[in-house]
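Asks: Mapping the sequence shown onto our numbering, position 19 (from 1) lands on 352, and the numbers just tick up by one.
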Amino acid sequence: MAWEIQWDGYSVEYTVGEDSYEIDSLQLESRECYEEESSGYQEPKDRVMIDKYVAHTEHGIFRWQVSAVSEGFNTGADIRDVFCISEPQGCDVDSPNFIIA
Numbered sequence: 334m335a336w337e338i339q340w341d342g343y344s345v346e347y348t349v350g351e352d353s354y355e356i357d358s359l360q361l362e363s364r365e366c367y368e369e370e371s372s373g374y375q376e377p378k379d380r381v382m383i384d385k386y387v388a389h390t391e392h393g394i395f396r397w398q399v400s401a402v403s404e405g406f407n408t409g410a411d412i413r414d415v416f417c418i419s420e421p422q423g424c425d426v427d428s429p430n431f432i433i434a
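(1) When you compare the region 395-405 with the region 372-386, are there three or more beta-carbon pairs, one atom per stretch, that lie closer than 8 Å?
(2) Starting from TYR343 and walking both ways along the beta strand (DSSP E), at which residues does that stretch end?
(3) Is LYS378 helix, strand or coil by DSSP?
(4) Nearest-angstrom Cα distance between THR390 and ILE418?
(5) Looking only at DSSP bridge pairs, what is LEU361 linked to?
(6) Pull up the CB-CB distance for ILE433 and ILE356, whole angstroms please, since I reckon it's below 8 Å.
(7) In angstroms, rounded to a whole number, what distance separates the CA positions of GLN398 and GLN375?
(8) Would you identify the three-state DSSP class for GLY393, choosing helix, strand or coil?
(9) On the DSSP bridge assignment, give the partners of ASP352 in chain order.
(10) Among TYR367, GLU368 and ARG396, whose alpha-carbon lies nearest the alpha-carbon of TRP340?
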């Protein structure tokens with residue numbers, strides 16, 4: 334693929350009780366790419382990328398899954414979904430921002 338998902342590099346805030354903290358480093362843990370049928374008439378298959386990112390903090394490990402799709406004849410891609418897979422008990426975390434590069 335001519336594109337990929339990347340974390341935008343900005344810190345991610347999380348809280349434990351009433352205390353706030355920042356995550357300054359996310360690492361790509363895994364990447365899966367596949368094709369699925371396009372919704373457009375006689376268009377090429379959509380290209381899908383699913384990345385999993387991890388952050389290790391003093392309170393435990395956070396994981397996110399990010400999916401992006403390039404539809405049909407489109408050469409670019411769009412972020413489809415970002416969600417937290419796991420977070421340490423008692424923590425509440427914001428979603429990181431991701432871009433297509």
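Note that CB positions come from ideal geometry on N, CA and C, so glycine has one too. Predicted, not measured: the structure shown is a model, and the values here were computed from it.
Replies: This is what the structure gives:
(1) The region 395-405 makes contact with the region 372-386, as at least three CB pairs between them are under 8 Å.
(2) TYR343 -> no beta strand (DSSP E), and no H or E assigned at all.
(3) DSSP, read as helix, strand or coil, puts LYS378 in coil.
(4) In a straight line, the C-alpha of THR390 is about 16 Å away from that of ILE418.
(5) Bridge partners of LEU361: TYR386.
(6) Approximately 21 Å separates the beta-carbon atoms of ILE433 and ILE356; this is outside 8 Å, ruling out the contact.
(7) Spanning the two alpha carbons is a distance of roughly 30 Å.
(8) The three-state reading of DSSP puts GLY393 in strand, counting E and B together.
(9) ASP352 pairs with VAL349.
(10) Closest by alpha carbon: ARG396.
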